[in-house]
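Read through the structure below, which is laid out as structure tokens, and then see the notes.
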Amino acid sequence: MESLLNHARQEPLWNTNKRVIAVLAAASLALIVFPLFGPSPFYLHLMIMIFMYAVMSQSWNVIAGLSGQISLGHGAFFGIGAYSSSVLYVHYGITPWLGILVGIVLAAMIAISIGIPMLRLSGHYFAIATLLIGISFQVVFQRWEMVGAASGLWIPLTEESSWLALQFHDSKTPYYYLFLGFFIVTYLLVWRLSNSKIGFRLRAVRDDYQAASSLGIDISKYKIIAYAISAIIMAPMGSLFAQYILIVDPDRMFSLEISIMVLLMTVLGGIGNIWGPLIGVAILIPVSEYTRIYFGGTGGAVDLIFYGLILMLICIFRPAGLISLLPKHLLEREKQR
Amino acid sequence: MAFEIILQAIVSGLLMGLIYALIAAGLSLIFGLMNIVNFAHGEHLMVSMFSSFWLWSLLGLDPLFSIPITILLMAFCGVLTHYLLIRYILKAKMLIQICATFGLSIFIRSLAQYLWTPDFRNVDQPLLEGRIEVANLFIGQPQFFTAVVCLIAFFLLYLFVTRTETGLALQATAQDREAAEILGIPSNRMFAMGWAIGLGCVGVAGGMMTNYFFIFTDVGVNFALFAFVAVALGGFGSIIGCLYAGIIIGLVESLGGLLIDPSFKLLYVFAIYLLVVIYKPQGLFGRY
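Given below as structure tokens:
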């Protein structure tokens, strides 16, 4: 156990010292005051996308980086979140805030019920199952009349911007703070999680499941916990994104591209490291938004060609992600007593 | 009447099942050999269908005659995949291996979409056309011959792996790479060959399916999913298991489509997968 724990302790940047905390606090403050400088809506949109994908990639990082299980259909939880809040609002007029909670609960329940059979076995079974789930959800929602089938649901507009209905028509700033809030809370939670007993046990399971199991750690239980947490992080982003664009449809909300993007960003930045997803997102989202401006929306497949290529290159040359390029002393934990 | 319809569904399920079996056999061979699941398997199928389509459309070669070319092309594609990508990730974590082949699948599919647009295409008037009527059952000729060819290819593969020296060397490498290397079996070359043969199987299936299936860039997605399930059902790494598993999946797909609702075919197959994983995770013929 001691050696496993030591190994986990040496992992880069999961730990945070005073200097790092100061930098992070300054960065958060900068993000909070950013809208006060009156940036153009495009930059607000860019930041919102960065926050959203940062949370989504972190969600994927929890299941893949912390517990070592690959989910290839993580978009499913995004869609579940989006649909729970929208259906409740459209059909019953329930505020999206409650809808977000419902989405979280549903996503966690689905993750647990998938996790119980799948996570007992080697990772290939789980990866294939998640791929199936991602596509099955899309198929079901494309044909489910109550949720608008293939054409989806339009969220009825309120007269005025409203925090209760989570709709803001005249400015993107409230959305900015909404996503920023979720972003900061998620990163704090994951940071706490990774330094908690659960986090250490998860990494023990990932690095050597036989050793972990011989020490009495219930392997599949911890993997399922990780999967549920990951789903819980993912679902609210779907709800918020639905409120942001005010329409939900199966092709967008359950798109395979979401699953691809969260995987790619995390692997690119550095899998298993809390800052990895952020690095990947900070690189890829601006690139994808700018290419969308210059090449228009039609070149959808072109960026995917590069994403696939980048993914392969990273796997070959830098499996630890771009974060491993940072100087060593930044990555190593301070000596702990 | 109802009985005839069910019989018809069984026959068409059987015919599809043999295709799934061959595709799954390729996947299973690669997995058994190096413990890597090829998540780009569906995309390789798509490439083989397009190769067969372009040979018909540009050179006027009937899909039936271009099969050898397609097989060679896919085998080459497999060797290329091994030497350019898989070789580097053999010792990587499973996580990285999955990401790498998944990246390959994204790459191939979007490249195809960029080059050939997502349009649906089909081969006009191939040699194999029309249908056969046997005792009130209608069987499409292309479907029938595709299934027959797949079955033959499957048994050739099986004989190759179990009866020839090279096949035994493949199996030896699959069982214990280091021990095989000590005996003078070059594992790297064996891996490349495994990829060549695995994708060659896909080439046979894809080339034959071009006769009657629509050819489009996402065509491989469902086939690959079914192949994954077939491999899990048959037992990871078992080739003969793929035959039974493929047929079971074909039957479930076609009977489920007939009796419940054809638009949820994927879900029935998913249900099989769940059942297998819960009750018989080692598969029907699994080694693990």
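One line per chain: the protein sequences are U and F, in this order. With positions in the first sequence counted from 1, the corresponding number in this note's numbering is that position plus 732. With positions in the second sequence counted from 1, the corresponding number in this note's numbering is that position plus 6. Backbone N, C-alpha and C fix where the C-beta goes; we use that ideal spot for every residue, glycine too.
- DSSP places Gln103/F within a helical segment (H, G or I) once states are collapsed to three.
- Taking 8 Å as the CB threshold, Leu798/U stays off the interface with chain F.
- Sorting Leu1045/U, Glu877/U, Trp923/U and Ser987/U by C-alpha distance to the C-alpha of Ile102/F places Leu1045/U at the top.
- For the pair Leu798/U and Leu995/U, the CB atoms are not nearer than the 8 Å cut-off.
- Per DSSP, the unbroken alpha helix (DSSP H) holding Val834/U starts and ends at Pro828 to Met850.
- For Gly1040/U, the neighbours in chain F by C-beta distance under 9 Å run, in chain order, Phe108, Gly109, Leu110, Ser111, Ile112, Phe113, Ile114, Arg115, Ser116 and Leu117.
- Proximity of chain F to Gly855/U at the Cβ level (cut-off 9 Å) is accounted for by Met100, Leu101 and Ile104, in chain order.
- Gly146/F has Arg137/F as its beta-bridge partners, per DSSP.
- Cβ contact annotation for Leu838/U (same chain, cutoff 6 Å, sequence separation greater than five): Ile812 and Ser816, in chain order.
- DSSP places Arg1050/U outside both helix and strand once states are collapsed to three, so it counts as coil.
- Per DSSP, the unbroken alpha helix (DSSP H) holding Asn793/U starts and ends at Pro773 to Asn793.
- Leu863/U belongs to the set of residues whose beta carbon lies under 8 Å from a beta carbon in chain F.
- Take Tyr954/U, set aside five residues on each side of it, and the residues of its chain with a beta-carbon closer than 6 Å to its own are Arg933, Leu934 and Val937, in chain order.
- Each of Tyr824/U, Phe973/U and Tyr909/U was checked against the Cα of Leu761/U, and the nearest Cα belongs to Tyr909/U.
- The Cβ-Cβ distance between Met966/U and Phe810/U falls below 8 Å.
- In the structure shown, the three-state DSSP call for Val872/U is helix.
- Straight through space, the alpha carbons of Cys156/F and Ala861/U are spaced by roughly 27 Å.
- Put simply, the CB of Ser946/U is far from chain F, with every gap to its CB atoms at 8 Å or more.
- Taking a contact to require three or more Cβ pairs closer than 8 Å, the region 196-205 of chain F and the region 77-87 of chain F qualify as touching.
- Contact annotation: in the region 799-823 of chain U, residues whose CB is within less than 9 Å of a CB in chain F are Gly800, Gln801, Ile802 and Leu804.
- The beta carbons of Met22/F and Ser269/F sit no closer together than 8 Å.
- Along the region 271-291 of chain F, going in chain order, the ones with a CB nearer than 7 Å to a CB of chain U are Leu272, Leu273, Phe276, Tyr279, Leu280, Val283, Ile284 and Pro287.
- The DSSP-derived three-state label of Gln975/U is helix.
- Residue pairing of Ser894/U in beta bridges, as defined by DSSP: Gln899/U.
- Annotation for Met993/U: Tyr785 place their beta carbon closer than 7 Å to its own, counting only its chain and skipping 5 residues before and after.
- Within chain F, the residues Val283 have their CB atoms less than 8 Å from the CB of Met850/U, given in chain order.
- Around the beta carbon of Thr87/F, 16 or more other beta carbons lie within 10 angstroms, which makes this residue buried.
- Residue environment analysis places Ser845/U among the exposed positions, since fewer than 16 neighbouring C-beta atoms fall within 10 angstroms of its C-beta.
- Within the region 221-242 of chain F, Thr223, Val227, Asn228, Ala230, Leu231, Phe234, Val235, Val237, Ala238 and Phe242 place their CB atoms closer than 9 Å to a CB of chain U, listed in sequence order.
- When rounded, the separation of the alpha-carbon atoms in Val282/F and Phe161/F is 25 Å.
- With a threshold of 8 Å between beta carbons, Val1034/U makes contact with chain F.
- For Ile95/F, the nearest beta carbon of chain U is closer than 8 Å to its own beta carbon.
- Of all residues in the region 868-897 of chain U, the ones placed with a Cβ closer than 8 Å to any Cβ belonging to chain F are Ser868, Val871, Val872 and Arg875, in chain order.
- Exclusion of the five residues before and after Phe973/U leaves Met784 and Ala814 as the residues of its chain whose Cβ lies within less than 7 Å of its Cβ.
- A residue is called buried once 16 or more other Cβ atoms fall within 10 Å of its Cβ, and Tyr1026/U, having fewer, is exposed.
- If you draw a 10 Å sphere on the C-beta of Gly1004/U, you find 16 or more other C-beta atoms in it, and that means buried.
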